[in-house]
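Residue numbers (my numbering): 631 to 931. Taking it in order: structure first as structure tokens, then the write-up.
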Amino acid sequence: MMNSWLSEQEIATKLRKALPYTAPQILDRGPIFGMGYRPSWRLGNIVQAQIAKDLGLKVMLAQQSAREIERTKRTFQDVMDSATYAAFLTEFKAPWGADADHLKQEKDIEEAVKAGFTHFTYDVSEELKKDLNQTIAKICDLYFFTQELRGKENFSTEISLDETEETTKLADLTFLLEELKRNKVQVDEIAPRFPGYFEKGIDYYWQKESAQKEHRSPALELTCPGKAVGLHHSSGCGHEQNPGQIRGGLGENSRGVSDENISFGGLRHVDVVITHSIVGKDSGSLSRIHNLGIDFVRKQA
Numbered sequence: 631m632m633n634s635w636l637s638e639q640e641i642a643t644k645l646r647k648a649l650p651y652t653a654p655q656i657l658d659r660g661p662i663f664g665m666g667y668r669p670s671w672r673l674g675n676i677v678q679a680q681i682a683k684d685l686g687l688k689v690m691l692a693q694q695s696a697r698e699i700e701r702t703k704r705t706f707q708d709v710m711d712s713a714t715y716a717a718f719l720t721e722f723k724a725p726w727g728a729d730a731d732h733l734k735q736e737k738d739i740e741e742a743v744k745a746g747f748t749h750f751t752y753d754v755s756e757e758l759k760k761d762l763n764q765t766i767a768k769i770c771d772l773y774f775f776t777q778e779l780r781g782k783e784n785f786s787t788e789i790s791l792d793e794t795e796e797t798t799k800l801a802d803l804t805f806l807l808e809e810l811k812r813n814k815v816q817v818d819e820i821a822p823r824f825p826g827y828f829e830k831g832i833d834y835y836w837q838k839e840s841a842q843k844e845h846r847s848p849a850l851e852l853t854c855p856g857k858a859v860g861l862h863h864s865s866g867c868g869h870e871q872n873p874g875q876i877r878g879g880l881g882e883n884s885r886g887v888s889d890e891n892i893s894f895g896g897l898r899h900v901d902v903v904i905t906h907s908i909v910g911k912d913s914g915s916l917s918r919i920h921n922l923g924i925d926f927v928r929k930q931a
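And the structure:
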């Protein structure tokens, strides 16, 4: 029986030690759904665990990006503990993963490793704007730093290429993967930038057929053998894609490509902004978002 004076983090730590299903695992092949739950209250995470249990889904039950951690004033440890409680309360006993998303700095990797995350997504969007060689060097630095902390083959990785203005070129993707292989960098998943973008409230903004054609491309299959291809829903940047619109059939488009990780960004971080506005923690955020929206619409007109 647990003592009432233990903190929530201490209880979660004890749960992970006593009940292995409340701790994240390194997920193997198969369609994986990234849940991306943002708020600090845990009800939504519990609902996600129940749905995953009912539908037999393989999920990243703990998933949050470094930038969202900063914006919502959470920690990777809090995200991990929330997922642990969700698995425990719903008796979700299938293996689930923990994705530390959009990592750019060593300090964020260090925090995620300390919290027990198992999947690490490296964001090299800034380097992509400059040079492919800089991009490769950055990925190598982040990967080997993670390996130093987690141990060899004790984590899975993803390379995020989707937060750019231009569609990922297969020639660039081929060069990048070959160079990473040469440098002994393990890449389990790659998230290219597909045509178009997803805009909240509108859905996929482009010709869906064009994106589906890119996704079904035999060239993509040959370029990424043994790799999972990530389809990312926007988490606030406006550049990622709605997986439901361009995926178009989970099995039929995956010939040659190992599997897929479908990440749902969700609008939950907007809930946090609204809540902070209501309670007076950050009363100007909602107004700034509203003004930015109006400015965006005017520019698109």
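The C-beta atom is built at its ideal place from N, Cα and C for all residues, glycine as well.
Beta-bridge partners of residue i, as assigned by DSSP
i: Ile-789; result: Tyr-752, Ile-820
i: Met-690; result: Gly-664, Gly-727
i: Ser-695; result: Asp-731
Three-way DSSP call (helix, strand, coil) for residue i in this model
i: Cys-867; result: Because the pLDDT at Cys-867 is just 35, under 50, the model does not fix this residue reliably, and the value given afterwards should be weighed accordingly. Residue state, collapsed to three classes: coil.
i: Val-815; result: coil
i: Asp-708; result: helix
i: Leu-758; result: helix
i: Pro-654; result: coil
i: Thr-794; result: coil
i: Glu-736; result: helix
i: Gly-674; result: helix
i: Leu-800; result: helix
i: Leu-636; result: coil
i: Phe-722; result: coil
i: Lys-644; result: helix
i: Asn-763; result: helix
i: Arg-659; result: coil
i: Leu-772; result: helix
CB contact flag (residue i, residue j, <9 Å)
i: Asp-792; j: Ala-821; result: yes
i: His-732; j: Thr-751; result: yes
i: Ala-728; j: Gln-693; result: yes
i: Phe-722; j: Lys-683; result: yes
i: Ala-713; j: Trp-726; result: yes
i: Leu-806; j: Leu-772; result: no
i: Ile-681; j: Tyr-715; result: no
i: Asp-711; j: Glu-638; result: yes
i: Thr-652; j: Ala-717; result: yes
i: Met-690; j: Gly-664; result: yes
i: Phe-747; j: Pro-654; result: yes
Contacts around residue i, its chain only, beta-carbon distance under 6 Å, and the 5 residues preceding and following it disregarded
i: Ser-786; result: Ile-656, His-749, Asp-818
i: Ser-847; result: Summary for Ser-847: the model assigns pLDDT 49, below 50, so the residue's position carries little reliability; its value from the coordinates is reported in the next sentence. Closer than 6 Å at Cβ, skipping near neighbours: no residue.
i: Ser-695; result: Asp-731, His-732
i: Glu-741; result: Phe-706
i: Thr-797; result: Arg-823, Pro-825
i: Thr-905; result: With a pLDDT of 49 at Thr-905, under the threshold of 50, the modelled position of that residue is not reliable, and no figure is offered here.
Close beta carbons around residue i, own chain, < 7 Å, minus the five adjacent residues each side
i: Tyr-764; result: Residue identity check: residue 764 is Gln in the sequence provided, not Tyr. Glu-757, listed in sequence order.
i: Leu-810; result: Ile-766, Ile-769, Val-817
i: Asp-901; result: Note on Asp-901: pLDDT 49, under 50, position unreliable in the model; the coordinate value appears next. Here the set comprises Pro-669.
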